[in-house]
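Reading through the structure tokens given below for one structure.
Protein chains in written order, with this note's numbering: chain A, 8 to 217; chain B, 790 to 916.
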């Protein structure tokens, strides 16, 4: 996976397969503490304890067709590369929580990627039957989308309607831009060496040009 | 905390509600993008985003875009299956945003299969 937003999409697909009707996605970019936290919580069927132990093993899967399952193992690998930790808690019948914490400014940390595309992929194809709550924080600024609130307003109009999707895509994209989600860290607050400083200036300039 | 502004969404609701009455018909086509780990890693999200944007641009409401799991042909991802009503489903492989745009314009809108991108004709199964 090229970036964290793709990993998130992949993990959420697991929640969908587990029959979840409500999925929460939380991203917290805490620059002060130099931590990036990602949490995906669902109310799916849960994972049995004996299976939970094997879950990060790439050669373990509940699928019967093939004997490899790479989604969680790949995510765990990416997290570890950024000196991070991944934790999975689950209760049968209640749901599963996948939580990853990694070092924000680690050179090997995957970039955040396009969270708007990930969320819109989920809302556009699954939000008619599944509720999504997405909260993204950068330092103290947060952006939140709750599809239940959107559906309450829309009433009989399906959330997958192209006009609605177009509106939501624009809103989510500008909302994330406003809190500067995934855009590296603010240089003023962070004590970084000159070389690092330059590196981030360069990468943020590149991002702006895009 | 920044939240979505409700007022604008209500306006859209009203606008859509007015036009919706005119076409209560069922979907004419379904496009399924395969979103397993393999698909996502190969670029399936971009395929889906391209499709959704085409539909938004052309304001099409009788085409469903769906996702499914891995279809077991990971090396040919990104893949998508196009199903038109009363027609056998067609699987497309090794997709790019450009290819899916062409498939959308030709197959979904005009009913002409883009055979150079198609893998085979057959029914949709996953896992």
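Backbone N, C-alpha and C fix where the C-beta goes; we use that ideal spot for every residue, glycine too.
Delimiting residues of the alpha helix (DSSP H) encompassing residue i
i: residue 174 of chain A; result: 169–185
i: residue 86 of chain A; result: 78–88
i: residue 12 of chain A; result: 11–24
i: residue 166 of chain A; result: That residue, residue 166 of chain A, is in no alpha helix (DSSP H); it is neither H nor E in DSSP.
i: residue 58 of chain A; result: 56–59
i: residue 829 of chain B; result: 826–831
Contact list for residue i against chain B, beta-carbon separation under 9 angstroms
i: residue 8 of chain A; result: 826, 829, 830
i: residue 171 of chain A; result: 798, 801, 802, 805
i: residue 11 of chain A; result: Within chain B, no residue comes near residue 11 of chain A; the closest Cβ sits about 12 angstroms away, beyond 9 angstroms.
i: residue 164 of chain A; result: 801, 802, 805, 806, 809
i: residue 81 of chain A; result: 826, 830
Residue i, buried or exposed, once every other Cβ within 10 Å from all chains shown has been counted against 16
i: residue 896 of chain B; result: buried
i: residue 193 of chain A; result: Note that residue 193 of chain A has pLDDT 44, beneath the 50 cutoff, so the model's placement of it is unreliable and the number below is only indicative. The residue is exposed, with fewer than 16 neighbouring Cβ atoms inside 10 Å.
i: residue 184 of chain A; result: exposed
i: residue 176 of chain A; result: buried
i: residue 31 of chain A; result: buried
i: residue 18 of chain A; result: buried
i: residue 120 of chain A; result: buried
i: residue 196 of chain A; result: Reliability fails at residue 196 of chain A, whose pLDDT of 44 lies under 50, so the model's placement of it is uncertain and the value that follows must be treated cautiously. Exposed: under 16 other Cβ atoms inside 10 Å.
i: residue 816 of chain B; result: exposed
i: residue 41 of chain A; result: exposed
i: residue 802 of chain B; result: buried
i: residue 904 of chain B; result: exposed
i: residue 857 of chain B; result: buried
i: residue 155 of chain A; result: exposed
i: residue 66 of chain A; result: exposed
i: residue 172 of chain A; result: buried
i: residue 1 of chain A; result: Nothing about residue 1 of chain A can be read from this structure; chain A reaches only from 8 to 217.
i: residue 138 of chain A; result: buried
Within 8 angstroms, strictly: CB atoms of residue i and residue j
i: residue 46 of chain A; j: residue 106 of chain A; result: yes
i: residue 855 of chain B; j: residue 823 of chain B; result: no
i: residue 51 of chain A; j: residue 103 of chain A; result: yes
i: residue 839 of chain B; j: residue 886 of chain B; result: yes
i: residue 899 of chain B; j: residue 170 of chain A; result: no
i: residue 908 of chain B; j: residue 880 of chain B; result: yes
i: residue 54 of chain A; j: residue 79 of chain A; result: no
i: residue 186 of chain A; j: residue 148 of chain A; result: yes
i: residue 843 of chain B; j: residue 890 of chain B; result: yes
i: residue 110 of chain A; j: residue 91 of chain A; result: yes
i: residue 64 of chain A; j: residue 25 of chain A; result: no
i: residue 160 of chain A; j: residue 799 of chain B; result: yes
i: residue 15 of chain A; j: residue 125 of chain A; result: yes
i: residue 168 of chain A; j: residue 821 of chain B; result: no
i: residue 127 of chain A; j: residue 164 of chain A; result: no
i: residue 828 of chain B; j: residue 859 of chain B; result: yes
i: residue 122 of chain A; j: residue 27 of chain A; result: no
i: residue 37 of chain A; j: residue 146 of chain A; result: yes
Residues that residue i bridges to, as DSSP identifies them
i: residue 37 of chain A; result: A:42
i: residue 141 of chain A; result: A:32, A:152
i: residue 851 of chain B; result: Its beta-bridge partners do not exist; DSSP assigns none.
i: residue 907 of chain B; result: B:881
i: residue 96 of chain A; result: A:104
Contact set between residue i and chain A, taken where Cβ atoms lie within less than 8 angstroms
i: residue 838 of chain B; result: 124, 127, 128
i: residue 926 of chain B; result: There is no way to answer for residue 926 of chain B, as the model of chain B reaches only from 790 to 916.
i: residue 817 of chain B; result: In chain order: nothing, as chain A lies at least about 14 angstroms away.
i: residue 868 of chain B; result: Near residue 868 of chain B there are no residues of chain A at all, since even the closest Cβ is about 15 angstroms away, more than 8 angstroms.
Listed by chain order, chain A residues near residue i by CB distance under 9 angstroms
i: residue 797 of chain B; result: 174, 178
i: residue 849 of chain B; result: 169
Contacts of residue i in chain A (Cβ-Cβ under 7 angstroms)
i: residue 820 of chain B; result: Under the 7 angstroms cutoff, chain A gives no residues; its nearest Cβ is about 10 angstroms from residue 820 of chain B.
i: residue 844 of chain B; result: 169
i: residue 855 of chain B; result: 132
Neighbouring residues, chain B, relative to residue i (Cβ below 7 angstroms)
i: residue 160 of chain A; result: 795, 798, 799, 802
i: residue 103 of chain A; result: Result: empty, since nearest Cβ-Cβ is about 17 angstroms, beyond 7 angstroms.
i: residue 17 of chain A; result: 826, 829
i: residue 78 of chain A; result: 826
Residue i, enclosing beta strand (DSSP E) - first and last residue
i: residue 127 of chain A; result: Taken as a continuous stretch (DSSP letters only), residue 127 of chain A belongs to no beta strand (DSSP E), being part of the alpha helix (DSSP H) at 122–133.
i: residue 891 of chain B; result: It is not in any beta strand (DSSP E) - residue 891 of chain B instead sits in the alpha helix (DSSP H) that spans 886–892.
i: residue 873 of chain B; result: 869–873
i: residue 819 of chain B; result: 818–823
8 angstroms Cβ cut-off: residues of chain B touching residue i
i: residue 28 of chain A; result: Near residue 28 of chain A there are no residues of chain B at all, since even the closest Cβ is about 17 angstroms away, more than 8 angstroms.
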